[in-house]
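**Student:** Please find one structure pasted underneath; my questions will follow.
So, in structure tokens, the structure goes:
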């Protein structure tokens with residue numbers, strides 16, 4: 005059993021803590037996004053281990069207060085749209101896009117399902133013209149005392165005509 009369950013962890017890079025962010029997904033639940041042919045010319049930007057306390061859950065006991073949720077996001081942006089020439093911020097996709105998109109989705113109030121949250125974040129990020137694909141993972145690390153987390157992951161690629 006995890007000795008740190010329910011306590012603040014001193015190191016956010018605990019080896020088992022963020023499984024969906026670091027796991028080898030090939031042959032299990034999802035292929036490696038970096039192997040997808042439409043992403044071969046992309047740069048990956050990421051927001052890692054963003055911890056928030058939000059109202060989330062479908063059960064009555066989950067509706068009475070906030071829960072800790074850890075969010076991980078990967079954005080895939082074509083190199084042609086994210087390779088700076090003059091080393092200026094306007095030449096790339098700013099990291100703030102990820103954090104602000106998450107915050108906007110969280111600001112809507114109580115969310116019943118992690119799936120709903122993942123889908124909302126992914127849709128908001130894919131709406132950005134420069135983003136070709138996105139991977140969003142959410143985890144509830146305090147859901148069960150005998151495991152590190154329960155979570156949901158979604159991977160979306162823009163339709164060819166929108167890309």
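In our numbering, the protein residues as written are 5 to 167.
Just so you know, even glycine gets a beta-carbon here, dropped at the ideal spot from N, CA and C.
With a threshold of 8 angstroms on Cβ separation, who are the neighbours of residue 89 within its own chain once the five nearest residues in sequence on each side are excluded?
**Tutor:** Excluding residues within five positions, the ones whose Cβ falls inside 8 angstroms are 95.
**Student:** Report the three-state DSSP secondary structure of residue 83 (helix, strand or coil).
**Tutor:** Note: residue 83 maps to helix in three-state DSSP.
**Student:** In angstroms, rounded to a whole number, what distance separates the CA positions of residue 74 and residue 87?
**Tutor:** 29 angstroms
**Student:** Under the DSSP definition of a beta bridge, which residues are partnered with residue 170?
**Tutor:** Because the chain here runs from 5 to 167, residue 170 falls outside it and cannot be looked at.
**Student:** Counting only the same chain and skipping the five closest in sequence on each side, list residues whose C-beta sits under 7 angstroms from that of residue 105.
**Tutor:** 125, 128, 129
**Student:** I think residue 72 touches residue 146, with their Cβ atoms under 8 angstroms apart; what is that distance to the nearest whole Å?
**Tutor:** 5 angstroms
**Student:** Relative to the C-alpha of residue 155, which candidate in 161, 120, 136 has its C-alpha closest?
**Tutor:** 120
**Student:** Report the three-state DSSP secondary structure of residue 123 (helix, strand or coil).
**Tutor:** Looking at residue 123 - three-state DSSP - the assignment turns out to be helix.
**Student:** On a Cα-Cα basis, can you pick out the residue from 112, 40, 144 that is closest to residue 80?
**Tutor:** 40
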